[in-house]
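Chains as they are written, first to last, in the numbering used here: chain P, 1 to 250; chain X, 1001 to 1289.
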């Protein structure tokens, strides 16, 4: 038995050293689990969330964004806080959020009063099929499906965008009657670790016309502690329409 | 070096192209050329064997290949501030009727008008020391006369040298990472992943990470009926990034193409150069690459 344990440890060590130090999504994250310590320095709130995710194998879907959330730097230092409290602290009281979990992905939406407004990410796609492929390509295929469902007159699409991690493949998918956000969750959940982020300010989240010439989300794949997300998040912020700063509007 | 032409004829020795001299060959002209020592050279034609047994031969008479009006390969030469640029010398050679690189004849002759703006080493490698304009000069000897001893003359080609701060100028693809067929809800198409690179006015990568590259596609000819979309990416420390291009349309797999002009901004600043992207059912090219 002692020998068997030694062999198991050897296998563990060998595998551990062979595999890249790369986050994957925890398929059933416990929002009440305690995080002993989390700190980042001079990162935006969204980048802080990405750092939290890649360190603790948490994948996110962030529907609630504006320019400040993506670009304004701040320091975060939290101790002995649950996952849910940590996420809420990162956003802060000025950004009221609702946290839900679907397919292992922690979705972050803006907390609203009264009836829920129309939302692109709630649009139900009757049928979506995709071959297995790299995350960014499958994400684009979902975009095509959404736009085609909204406007069947469109014949084709000419795409150009960030390639991302070419070795991060997801799928195949054969989904029926699923809202866009759940499909994004499923893509992210199969990835090596990622977050999907809305590319429209929350004020415009019901404006389906935005889909005519742009993608309304992007998927950011975790690149590890040395990855630089600032440029990417600045690019998303630059694409947001003006007026996104009015975060206190109800 | 000795060449027995009679033996080459008798034994049907082929040349590098596999061709032989005719067996009944009795006269003809010939030409020697030094392929490696261009400019003045050290080749000298010797006497031919005079053999009464097999026929007449005459004393060889040479004709020199001469070079005319050498000039700098780049004029003006663009030099990045704190970076390097290479210049050279080109001259017309009358025997071959083409312009040849004669830089080796001008080694050690290089100097600039102002070392505060640009310095140059013996090989013609210029270094940008300060922003501004100066002159780049060199000197060397080339065969210049048809006289029997092929005399050389001294030449002093010169030109301008402009030192500039590198600025992002264009985006160019530098590699293909993958490509293939893609199937989508509309039909099918092609996808190709390039490594794109932000380059400066000297054609060098602009090595700065975190620059936000955003683009807009606008279609001219659009037989595939493609709808354009915007995209963005960020540069790595080499100024490059992986870029995904794809088309998917009900028009495929039949023939046809859509041509798009791709305009770029870097951190919101427009780039002068726009790329031509050609989308087809089985290929995607950027500026012909």
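From the three backbone atoms N, C-alpha and C, an ideal C-beta is built for every residue, glycine too.
Cβ neighbours of residue 138 of chain P in the same chain (closer than 7 angstroms, five flanking residues each side left out): 130, 170, 171, 187
Spatially closest choice to residue 1023 of chain X from X:1035, X:1005, X:1017, X:1029, by CA coordinates: X:1005
Within-9 angstroms CB hit, residue 1191 of chain X to chain P: yes
Interface flag, residue 1233 of chain X vs chain P, CB-CB below 9 angstroms: yes
Length-filtered (4 minimum) alpha helix (DSSP H) runs lying within the segment 30 to 60 of chain P: 45 to 56
CB of residue 1233 of chain X within 9 angstroms of CB of residue 157 of chain P, strictly: no
Straight-line Cα distance separating residue 195 of chain P from residue 50 of chain P: 7 angstroms
Any chain P beta carbon closer than 9 angstroms to residue 1228 of chain X: yes
7 angstroms Cβ cut-off: residues of chain X touching residue 215 of chain P: 1229
9 angstroms Cβ cutoff, residue 253 of chain P in contact with chain X: Lying outside 1 to 250, the shown extent of chain P, residue 253 of chain P is not represented and no answer is given.
Proximity test, Cβ basis, 9 angstroms: residue 239 of chain P and chain X: yes
Alpha carbon of residue 211 of chain P to alpha carbon of residue 1166 of chain X, nearest angstrom: 37 angstroms
Beta carbon of residue 1106 of chain X nearer than 9 angstroms to that of residue 1157 of chain X: yes
Nearest-angstrom Cβ-Cβ length linking residue 69 of chain P and residue 44 of chain P, presumed shorter than 8 angstroms: 7 angstroms
C-beta atoms of residue 1291 of chain X and residue 1274 of chain X nearer than 9 angstroms: Outside the modelled stretch of chain X, which goes from 1001 to 1289, sits residue 1291 of chain X, for which no answer is possible.
Per-residue burial, residue 190 of chain P [other beta carbons within 10 Å of its own, 16 or more giving buried]: So residue 190 of chain P counts as buried.
Residues that DSSP places opposite residue 179 of chain P in a beta bridge: DSSP output for residue 179 of chain P lists P:124 as bridge partner(s).
Euclidean distance between Cα positions of residue 42 of chain P and residue 73 of chain P: 5 angstroms
Exposed unless 16 or more other CB atoms sit within 10 angstroms - verdict on residue 1212 of chain X: Buried is the call here.
Coil, strand or helix - residue 239 of chain P by DSSP: Reduced to three states, the DSSP call for residue 239 of chain P is helix.
Contiguous beta strand (DSSP E) assignments of at least 3 residues, all confined to the segment 86 to 165 of chain P: 97 to 102, 105 to 110, 124 to 130, 156 to 162
Contact set between the segment 147 to 177 of chain P and chain X, restricted to residues whose Cβ is under 8 angstroms from the partner: 147, 148, 154, 155, 156, 157, 158, 159, 160, 161, 162, 163, 164, 166
First through last residue of the alpha helix (DSSP H) which encompasses residue 1005 of chain X: 1005 to 1010
Boundaries (first-last residue) of the alpha helix (DSSP H) holding residue 1156 of chain X: Residue 1156 of chain X -> no alpha helix (DSSP H), and no H or E assigned at all.
Rounded C-alpha distance that separates residue 1010 of chain X from residue 1035 of chain X: 28 angstroms
Length of the line joining the Cα atoms of residue 1174 of chain X and residue 1064 of chain X: Inter-residue distance for residue 1174 of chain X and residue 1064 of chain X is about 44 angstroms (C-alpha atoms, whole angstroms).
Distance, residue 65 of chain P Cα to residue 1279 of chain X Cα: 34 angstroms
Proximity test, Cβ basis, 9 angstroms: residue 131 of chain P and chain X: yes
DSSP-derived helix/strand/coil call for residue 1016 of chain X: Three-state DSSP puts residue 1016 of chain X in coil, outside helix and strand.
CB contact below 9 angstroms: residue 1215 of chain X versus chain P: yes
Proximal chain P residues relative to residue 995 of chain X, where beta-carbon distance stays under 8 angstroms: Chain X is shown from 1001 up to 1289; residue 995 of chain X falls before or after that span and cannot be answered.
Beta-carbon gap between residue 149 of chain P and residue 221 of chain P smaller than 9 angstroms: no
Presumed contact (8 angstroms Cβ cut-off) between residue 1154 of chain X and residue 1176 of chain X, rounded CB distance: At roughly 49 angstroms, the Cβ-Cβ gap does not stay under 8 angstroms, so residue 1154 of chain X and residue 1176 of chain X are not in contact.
Within-9 angstroms CB hit, residue 1289 of chain X to chain P: no
Residue-level contact to chain X via CB, residue 230 of chain P, 9 angstroms cutoff: yes
9 angstroms Cβ cutoff, residue 50 of chain P in contact with chain X: Residue 50 of chain P is outside the set of residues whose beta carbon lies under 9 angstroms from a beta carbon in chain X.
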